[in-house]
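Since the structure comes first, as structure tokens, the remarks are kept for the end.
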Amino acid sequence: NHKGTLFVWRYLPDTLDPMQKIDAHSAYVLRIRFCPQSQYLITTSADSSACLWRYHVDGFAKETSLIGHIRWVWGGIFSSDSAYVVTCSSDTTAKLWEVKTGQTAIDYTGHTKAVTAVALVDVPDGGSGPDAPPVQQHNIS
1 NHKGTLFVWR YLPDTLDPMQ KIDAHSAYVL RIRFCPQSQY LITTSADSSA CLWRYHVDGF
61 AKETSLIGHI RWVWGGIFSS DSAYVVTCSS DTTAKLWEVK TGQTAIDYTG HTKAVTAVAL
121 VDVPDGGSGP DAPPVQQHNI S
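Position 135 of the sequence shown, counting from 1, maps to 135 under full-length UniProt numbering, and the rest follow consecutively.
As structure tokens, then:
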């Protein structure tokens, strides 16, 4: 929500069960993405940060804050092996982070406007169609 609070709900047949309330960020939580291959999730925020959370028996606990962007962090996505996260920001950059250390591995620069979405494609020629806005491609290997 706008206060940086994250609400976690458990899906039960015919209902949603409130599981956990977390004070995740100091400003808007913009995106939440689960990592299907592990017990992680990432939150991104208007407070210029992203946070990695890990599920334990009693709920999610913060593993680390990803600090390095200087404007809103619009999104984040996990690599297919769950070893990395890519974030994108209004500061015109995207960043590749190591999940294990929380450290930046690569800064992707060269964008001239806010980067508001990020995707990882496991094919060498991923791109966009003729009517789509320009896409910058980066190799994370």
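Glycine included, each C-beta is placed from N, C-alpha and C at the ideal position.
Per DSSP, the unbroken beta strand (DSSP E) holding Pro18 starts and ends at 15-23. Under the criterion of beta carbons closer than 8 Å, Cys51 and Ser65 qualify as touching, at roughly 5 Å. Put simply, the region 75-87 touches the region 110-120. At least three CB pairs are less than 8 Å apart. The residue from Tyr84, Ala46, Val99, Val85 with its alpha-carbon nearest to that of Asn1 is Ala46.
Under the rule that a run must span 3 or more residues, the beta strand (DSSP E) segments found entirely inside the UniProt repeat "WD" (22-53) read 29-34, 40-45. Cα atoms of Tyr55 and Ala61: separation of roughly 6 Å, rounded to the nearest angstrom. Less than 9 Å divides the Cβ of Ile70 from the Cβ of Asp91. For Thr87, the enclosing beta strand (DSSP E) has its first and last residue at 84-89. Here Leu12 is exposed, its C-beta having fewer than 16 other C-beta atoms within 10 Å.
Counting C-beta atoms within 10 angstroms of its own C-beta, Lys21 has fewer than 16 neighbours from the protein chains shown and is therefore classed as exposed. Ala61 has Arg54 as its beta-bridge partners, per DSSP. In this structure, the beta-carbon distance from Ser48 to Trp9 does not fall below 9 Å.
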